[in-house]
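S.K.: One line per chain: the protein sequences are A and B, in this order. Mapping of the first sequence onto our numbering: position 1 corresponds to residue 746, and the numbering continues sequentially without gaps. Mapping of the second sequence onto our numbering: position 15 corresponds to residue 760, and the numbering continues sequentially without gaps.
Number of protein chains: 2
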Amino acid sequence: MAIQERKARERADRHARIVASARDLAEEQGWEAVTTRRLADRIEYSQPVLYGHFPGGKDEIVAAVALAGFGELAEALEAAVDGRRGRAAVAALTDAYLDFAAERPAVYAAMFDLAAIPFAADDTPAALRAGFGAVRSTLGGDDELAEVGWAALHGLATLRRAGRVPAAGETRRRERVVDLLHAAAAR
Amino acid sequence: MAIQERKARERADRHARIVASARDLAEEQGWEAVTTRRLADRIEYSQPVLYGHFPGGKDEIVAAVALAGFGELAEALEAAVDGRRGRAAVAALTDAYLDFAAERPAVYAAMFDLAAIPFAADDTPAALRAGFGAVRSTLGGDDELAEVGWAALHGLATLRRAGRVPAAGETRRRERVVDLLHAAAAR
DNA sequence: GCCGTGTTCCTAGCAGTGCTAGATTCCGGA
DNA sequence: TCCGGAATCTAGCACTGCTAGGAACACGGC
Numbered sequence: 746m747a748i749q750e751r752k753a754r755e756r757a758d759r760h761a762r763i764v765a766s767a768r769d770l771a772e773e774q775g776w777e778a779v780t781t782r783r784l785a786d787r788i789e790y791s792q793p794v795l796y797g798h799f800p801g802g803k804d805e806i807v808a809a810v811a812l813a814g815f816g817e818l819a820e821a822l823e824a825a826v827d828g829r830r831g832r833a834a835v836a837a838l839t840d841a842y843l844d845f846a847a848e849r850p851a852v853y854a855a856m857f858d859l860a861a862i863p864f865a866a867d868d869t870p871a872a873l874r875a876g877f878g879a880v881r882s883t884l885g886g887d888d889e890l891a892e893v894g895w896a897a898l899h900g901l902a903t904l905r906r907a908g909r910v911p912a913a914g915e916t917r918r919r920e921r922v923v924d925l926l927h928a929a930a931a932r
Numbered sequence: 746m747a748i749q750e751r752k753a754r755e756r757a758d759r760h761a762r763i764v765a766s767a768r769d770l771a772e773e774q775g776w777e778a779v780t781t782r783r784l785a786d787r788i789e790y791s792q793p794v795l796y797g798h799f800p801g802g803k804d805e806i807v808a809a810v811a812l813a814g815f816g817e818l819a820e821a822l823e824a825a826v827d828g829r830r831g832r833a834a835v836a837a838l839t840d841a842y843l844d845f846a847a848e849r850p851a852v853y854a855a856m857f858d859l860a861a862i863p864f865a866a867d868d869t870p871a872a873l874r875a876g877f878g879a880v881r882s883t884l885g886g887d888d889e890l891a892e893v894g895w896a897a898l899h900g901l902a903t904l905r906r907a908g909r910v911p912a913a914g915e916t917r918r919r920e921r922v923v924d925l926l927h928a929a930a931a932r
């Protein structure tokens, strides 16, 4: 009885450590440094153990990091908007979103560039729906506007990360987006 | 004399064929299928020849595809906007941009996900400036609005490609973006 | 306590990757 | 015709993701 429980607990621990190691390693040295050998090294087990937890291999590990990231993002967005209304809510949402992307570039990359997690589908995970829900409710409950707003934020985040847009204008760019989205939501 | 010219011409030809092969292969089977061995096979030379043309290796080849893509995108945007004014110009720009991304997904991925080409820097290639210039002039010559507009279009393109946004609402989403950008530009 | 049993884990290896040192072939010029 | 230098290829390195096979271990029944 208790033995089974201990085993299950150890297994869950190891599962979590794999995901955490992948995230940390990616955040430290970029995703190209995340290899199954290094991952196995970090959790102090051999490579094949990884496949016992993630039959899909490396891709599935990246997807797990991405999924956890969506959960964190949703939390961050909800916490930022909480209690605010109107333009202040839109501004808080924008800042929270872009700060998240800037502070966790590797996780953000996993979420949007690397992992192939369906979004606009029936089997979309709850964490993804929650994040989108935060954007939608802040923008007045309009699905289309939420999609466009999310796209604008995502575009800014990626262009900024790739250096396609100067770092200097960041503050004013954010204000501009807030203006646009708030005006559209108010209408 | 003439021999040297012929050699230079052949070299330039081969250079172009490498880039074209990479683009085609990526568009047919995705970038993960683009390997130096397959590329060498397609141009009917051995692998090391690639490095004579692109000392930076595969990354430099991808960057070349991306750079050519920026040229094509700039042309497409300028041609679409040509002669139009006001909302019609913004709509044409939006359609041209999103159609380009949808029709050449691999090239678009090279431009924004794979290649690390500086943008907002002094040594930004001309093709990149031209594309941005088309967006800026269409949106009233405002640098910040152009950046935000570009971000919105880029965000829509990538979210759409990743299936993060339903295919059904595409038309209305485009109209929405056009509304937002046109309103902001008119102000 | 002991012994089969089944799970858990590791070692070793495969095929494929980007890239390169060294040998080889080729070709223009004398 | 032959030589010298450039152009090109063969073979190999270190790495990748992934897996088959065997070894070691802990468990339950006697």
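Built from N, CA and C at the ideal position, the CB exists for glycine as well.
Tell me the rounded alpha-carbon separation between residue 822 of chain A and residue 834 of chain A.
M.R.: 10 Å
S.K.: Cβ closer than 9 Å: which chain B residues qualify as neighbours of residue 895 of chain A?
M.R.: Those are 900, 904, 909, 910, listed as they occur along chain B.
S.K.: Answer with yes or no whether the minimum CB distance from residue 945 of chain B to chain A is below 9 Å.
M.R.: The structure shown does not extend to residue 945 of chain B, since chain B spans only 746 to 932, so no value can be given for it.
S.K.: I'd like to know whether the C-beta of residue 925 of chain A is nearer than 9 Å to at least one C-beta of chain B.
M.R.: yes
S.K.: Which bits of chain B does residue 929 of chain A rub up against, with CB to CB less than 9 Å?
M.R.: Chain-order list of chain B residues neighbouring residue 929 of chain A: 921, 924, 925, 928, by C-beta distance under 9 Å.
S.K.: How would you list, in chain order, the residues of chain B whose beta-carbon sits under 8 Å from the beta-carbon of residue 917 of chain A?
M.R.: 889
S.K.: Between which residues of its own chain and residue 918 of chain B is the CB-CB distance below 6 Å, once the five residues before and five after are set aside?
M.R.: none
S.K.: Hey, could you find the ends of the alpha helix (DSSP H) residue 806 of chain A is sitting in?
M.R.: Segment 803-826, the alpha helix (DSSP H) holding residue 806 of chain A.
S.K.: Please classify residue 819 of chain B as buried or exposed, where buried requires at least 16 neighbouring CB atoms within 10 angstroms.
M.R.: buried
S.K.: Leaving aside the five residues before and after residue 931 of chain A along the sequence, list all residues of the same chain whose C-beta is less than 6 Å from its C-beta, in chain order.
M.R.: Only residues of its own chain outside the window of five on either side were considered, and among them none has a CB closer than 6 Å to the CB of residue 931 of chain A.
S.K.: Rounded to the nearest angstrom, what separates residue 801 of chain A and residue 785 of chain A at their Cα positions?
M.R.: 16 Å
S.K.: Out of A:799, A:896, A:761, A:792, which has the shortest C-alpha to C-alpha gap to residue 813 of chain A?
M.R.: A:761
S.K.: Considering only the alpha carbon of each residue, which of B:905, B:768, B:911, B:926 lies closest to residue 843 of chain B?
M.R.: With distances taken between Cα atoms, residue 843 of chain B lies closest to B:905.
S.K.: Taking only the alpha-carbon atoms, compute the straight-line gap between residue 922 of chain B and residue 897 of chain B and give it to the nearest angstrom.
M.R.: 8 Å
S.K.: Label residue 853 of chain B either buried or exposed according to how many other C-beta atoms from any shown protein chain fall within 10 Å of its C-beta, with 16 as the threshold for buried.
M.R.: Taking every protein chain shown into account, the CB of residue 853 of chain B has 16 or more other CB atoms within 10 angstroms, so this residue is buried.
S.K.: Is residue 857 of chain A close to chain B? Criterion is C-beta to C-beta, closer than 9 Å.
M.R.: Residue-level contact by beta carbon holds for residue 857 of chain A and chain B, with a gap shorter than 9 Å.
S.K.: Using a Cβ cut-off of 9 Å (strictly closer), state whether residue 875 of chain B contacts chain A.
M.R.: no
S.K.: Can you list the residues of chain B that residue 775 of chain A reaches, using a CB-CB cut of under 8 Å?
M.R.: By Cβ distance, chain B contributes nothing, its closest Cβ being about 12 Å from residue 775 of chain A, past 8 Å.
S.K.: Which residues in chain B have a C-beta closer than 8 Å to the C-beta of residue 960 of chain A? List them in chain order.
M.R.: Because residue 960 of chain A is not part of the residues shown, which for chain A are 746 to 932, the question remains open.
S.K.: My guess is that residue 849 of chain B and residue 772 of chain B are in contact by the Cβ rule of under 8 Å, so how many angstroms apart are they, rounded?
M.R.: 7 Å
S.K.: Quick check on residue 789 of chain A: does DSSP put it in helix, strand or coil?
M.R.: coil
S.K.: Judging by CA-CA distance, which residue of A:911, A:914, A:899, A:909 is the nearest neighbour of residue 909 of chain B?
M.R.: A:899
S.K.: Would you give the residue range spanned by the alpha helix (DSSP H) that residue 840 of chain B belongs to?
M.R.: 831-848
S.K.: Does the Cβ-Cβ distance between residue 799 of chain B and residue 806 of chain B come in under 9 Å?
M.R.: yes
S.K.: When the Cα atoms are used, what is the spatial distance from residue 902 of chain B to residue 892 of chain A?
M.R.: For residue 902 of chain B and residue 892 of chain A, the distance between alpha carbons rounds to 12 Å.
S.K.: What residue range does the alpha helix (DSSP H) around residue 900 of chain B cover?
M.R.: It spans 888-906 - the alpha helix (DSSP H) in which residue 900 of chain B sits, taken as one unbroken run.
S.K.: Output yes if chain A places a C-beta closer than 9 Å to the C-beta of residue 841 of chain B; else output no.
M.R.: No, no contact with chain A.
S.K.: Throw me the rounded Cβ distance for the residue 914 of chain B and residue 851 of chain B pair, which I believe falls under 8 Å.
M.R.: Their Cβ separation, rounded to whole angstroms, is 25 Å, which puts residue 914 of chain B and residue 851 of chain B out of contact at 8 Å.
S.K.: Please state whether the Cβ-Cβ distance between residue 808 of chain A and residue 861 of chain A is less than 9 Å.
M.R.: yes
S.K.: Grab me the residues of residue 840 of chain A's own chain with a C-beta within less than 8 Å of its C-beta, minus the 5 sequence neighbours each way, in chain order.
M.R.: Same-chain partners within the cutoff: 825, 919.
S.K.: Cα-Cα, which of B:831, B:878, B:929 is closest to residue 890 of chain B?
M.R.: B:929
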